[in-house]
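Shown next, in structure tokens, is the structure this report addresses.
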Amino acid sequence: MNLYPTLQSHIEQAQALPISEERKAVLQVLIDYIQQKVDQNQEINMNFICTHNSRRSQFSQIWGKVAAAFHGIAINSYSGGVEVTAFNERAVASIKRFGFKVNKKGEGNPKYFVFYSDDEDPIVTFSKVYNDAANAPIDFAAVMTCSHADENCPFIPGAEARIPVRYEDPKSFDDTDQETEMYDKRSLQIASELLYVFSKIYRK
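As structure tokens, then:
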């Protein structure tokens, strides 16, 4: 897989970030789920869920797919929320800075086709509820990326596992001097942790 050069550089940066033992314990639940699916030769469906499906869950869907592909593991990476908004333009700008190529189709709640390699199909992202027809209806891991969705959605129909992996929302820095820095920091953290997760998967 030939990643775009700027993206490759950011992946190397993400791999070098330290991850605390406390955070590794959180991620171990996700590692165990994926390892079990690999061991049983079953399809891996991951639905990253946050309230508005606009920032953290979108970052996670994108980085989840890329991290898995980077380590040679096939997954279906989805995202959703409890209400429809749009893939936030600040988050879109961040993934462009990381070296992804992005094509936008439509207005209001547009679809974004996110390319990480000319050799791979794009990741298709847009804001949707977690049970949208674009997502796997059953046999998926609901990865809860924000505290609000995790606390207010006690039951996710169709999920075979519910795994909280919460991130702080960069939204709190919107329209401040730190906006760009904090969106990129959150994206890099998510990249780092998901690259770590897939680096721990053993394939026979």
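Heads up, the sequence shown stops at 977 in my numbering, and the numbers go up one at a time, no gaps.
Don't be surprised by glycine CBs; every beta carbon is placed ideally from N, CA and C.
Bear in mind that the values here come from a model prediction, so they are computed numbers and not experimental data.
- For residue 842, the uninterrupted alpha helix (DSSP H) segment begins and ends at 829 to 843.
- For residue 886, the enclosing beta strand (DSSP E) covers residues 884 to 888.
- In the three-state reduction of the DSSP assignment, residue 953 falls in the helix class, which pools H, G and I.
- In its chain, beyond the 5 residues on either side, 822, 823, 824, 825, 826, 827, 830, 900, 901, 902, 903, 922 have a beta carbon closer than 8 angstroms to the beta carbon of residue 854.
- When DSSP reads this structure, residue 774 sits in no beta bridge, so it has no partner.
- When only Cα atoms are considered, residue 847 and residue 841 end up about 6 angstroms apart.
- Sequence-distant Cβ neighbours of residue 788 in its own chain, meaning closer than 6 angstroms and more than five residues away, are 968.
- Pairwise C-beta distances place the region 908 to 916 out of contact with the region 864 to 877, as fewer than three of them are shorter than 8 angstroms.
- By the 16-neighbour rule on beta-carbons within 10 angstroms, residue 778 is exposed.
- A residue is called buried when at least 16 other Cβ atoms come within 10 angstroms of its Cβ; residue 810 meets this threshold and is buried.
- The shortest C-alpha to C-alpha distance from residue 797 to any of 976, 962, 893, 774 is the one to 962.
- Cβ atoms of residue 935 and residue 919 stay farther apart than 8 angstroms, at about 14 angstroms.
- Shown here, residue 874 sits in a strand according to DSSP, grouped into three states.
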